[in-house]
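See structure below.
Number of protein chains: 2
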Amino acid sequence: MTSTDRQPLRPTRQRIAVTEALASFDDFRSAQEIHDLLDRRGAKVGLATVYRTLQRLSESHEVDMLRTEDGEAVYRRCSDTHHHHLVCRECGATVEIEGPAVERWTNAMAAEHGFADVSHTLEIFGTCPRH
Amino acid sequence: MTSTDRQPLRPTRQRIAVTEALASFDDFRSAQEIHDLLDRRGAKVGLATVYRTLQRLSESHEVDMLRTEDGEAVYRRCSDTHHHHLVCRECGATVEIEGPAVERWTNAMAAEHGFADVSHTLEIFGTCPRH
DNA sequence: AGCAACATGAGAATGATTGTCAACTCGGCA
DNA sequence: TGCCGAGTTGACAATCATTCTCATGTTGCT
Ligand SMILES: [Zn+2]
Ligand SMILES: [Zn+2]
Ligand SMILES: [Zn+2]
Ligand SMILES: [Zn+2]
Chain A
1 MTSTDRQPLR PTRQRIAVTE ALASFDDFRS AQEIHDLLDR RGAKVGLATV
51 YRTLQRLSES HEVDMLRTED GEAVYRRCSD THHHHLVCRE CGATVEIEGP
101 AVERWTNAMA AEHGFADVSH TLEIFGTCPR H
Chain B
132 MTSTDRQPLR PTRQRIAVTE ALASFDDFRS AQEIHDLLDR RGAKVGLATV
182 YRTLQRLSES HEVDMLRTED GEAVYRRCSD THHHHLVCRE CGATVEIEGP
232 AVERWTNAMA AEHGFADVSH TLEIFGTCPR H
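Protein chains in written order, with this note's numbering: chain A, 1 to 131; chain B, 132 to 262.
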């Protein structure tokens, strides 16, 4: 039980706009790209608010966040089950993938070395068929 | 076959110093921390050079690089075979792990979706037996 | 309505990383 | 040994994603 739990987010105009924006695309995008998207749509949301909202949403696992190979955080709406991603390095096209065997393997490895409270990150990068 | 191959690094004083520094610790450290370490040892190496050297070494897989939760790149010397890490979230203790099955799985997943030029990241975090 | 906690935004600040470029070093080779 | 072109370095500026500040606007609730 971590003590990092927070109050539920208030459904402000800005947060609704960010959530809607997230629903409108399928690839991983940076906070700035999402902010630009909102701008184009006419939704006036401050950049800092976009950052804050995405952060909170990813903390509560309502969106996926991962880091591109050059360290930039990118976000994408996600399903509610544990999964990983196959991401196109060129266009960001993403495929969610699951692998029970991998989950078992990571747990076994951790157990073998006596590690507890285990978590893991696994992302696959490549260039999709269109590139 | 990527075209990113480069000439072998010249064994300059600075590069030797960075390599020696890397040999002196076992956990993942940032470029700046390694630069500080060199400073304390009296090795005068510019920060930009430390960055450049670590970058080239990680490109050629002579050191491991991974990103901390907040996106900072950290480095560590490593064995020459492809592997992943089991990292203690409390003390940074690191265990290198290998898993042919996982390698096969990631390749299969990528192939199944027509992705080429594939790479992947996989790190396991937990608390080691001492914590 | 009225209050307190929460949320926002504009802009400044931070901080890791990269770019610039003139000076320096290395490895051949005559 | 001396010279040359390619590779390297370092001081510093520049980038650029992300965070901070804090005055002002909102929300949930009574
Ligand atoms: Zn693509
Ligand atoms: Zn998993
Ligand atoms: Zn530990
Ligand atoms: Zn692997």
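Just so it is clear, CB atoms sit at the ideal spot from N, CA and C, and this is done for glycine as well. Since the model is a prediction, treat every value here as computed from it, not as a measurement.
Asked                                                                                                                                                                  : Found
Please list the partners that Thr258 (chain B) has in chain A, where partner means a Cβ-to-Cβ separation under 7 Å.                                                    : Phe115, Ala116 and Asp117
Where Ala148 (chain B) and Phe25 (chain A) are concerned, what is the direct C-alpha to C-alpha distance, given to the nearest angstrom?                               : 47 Å
Report the neighbours of Gly71 (chain A) on chain B: residues whose CB is nearer than 7 Å to its CB, in chain order.                                                   : Arg198, Gly202 and Ala204
Can you give me the Cβ contacts of Glu113 (chain B) inside the same chain, cut-off strictly under 6 Å, excluding the 5 residues immediately before and after it?       : The requested residue 113 (chain B) is not part of the displayed model; chain B covers only 132 to 262.
From the DSSP secondary-structure annotation, give me the bridge partner or partners of His120 (chain A).                                                              : B:Ile255
Gln55 (chain A): which of A:Tyr75, A:Pro8 and A:Phe115 sits nearest, CA to CA?                                                                                         : A:Tyr75
Just curious, the beta strand (DSSP E) that Thr225 (chain B) is in, first and last residue?                                                                            : Thr225 to Ile228
Since Arg77 (chain A) is in the beta strand (DSSP E), which residue starts that stretch and which ends it?                                                             : Ala73 to Arg77
Mind listing the chain B neighbours of Val63 (chain A)? Cutoff is C-beta to C-beta under 7 Å, in chain order.                                                          : The premise fails here: Val63 (chain A) is roughly 16 Å from chain B at the closest Cβ pair, so nothing lies under 7 Å.
Using a Cβ-Cβ cut-off of 8 Å (strictly less than) and excluding sequence neighbours within five positions of Ala21 (chain A), which residues of its own chain qualify? : Ile34, Leu37, Leu38, Arg41 and Ala43
Is Ala48 (chain A) close to chain B, meaning its C-beta is less than 8 Å from at least one C-beta of that chain?                                                       : no
Do we get a CB-CB distance below 8 Å when we pair Thr106 (chain A) with the residues of chain B?                                                                       : yes
Provide the residue(s) that pair with Cys219 (chain B) in DSSP beta bridges, ordered along the chain.                                                                  : B:Gly257
If you measure from the CB of Val100 (chain B), is any heavy atom of ligand 4 nearer than 7 Å?                                                                         : It is not possible to answer for residue 100 (chain B), since the shown part of chain B is limited to 132 through 262.
Taking the alpha-carbon positions, what's the Val102 (chain A) to Glu203 (chain B) distance?                                                                           : 26 Å
Would you say the beta carbon of His146 (chain A) is closer than 7 Å to some non-hydrogen atom of ligand 3?                                                            : Because residue 146 (chain A) is not part of the residues shown, which for chain A are 1 to 131, the question remains open.
In angstroms, rounded to a whole number, what distance separates the CA positions of Thr135 (chain B) and Phe115 (chain A)?                                            : Because Thr135 (chain B) carries a pLDDT of 43, less than 50, the predicted location of this residue cannot be relied on, and the following value inherits that uncertainty. Cα to Cα, Thr135 (chain B) sits roughly 37 Å from Phe115 (chain A).
Between which residues of its own chain and Thr81 (chain A) is the CB-CB distance below 8 Å, once the five residues before and five after are set aside?               : Glu98
Would you say the beta carbon of Glu203 (chain B) is closer than 7 Å to some non-hydrogen atom of ligand 1?                                                            : no
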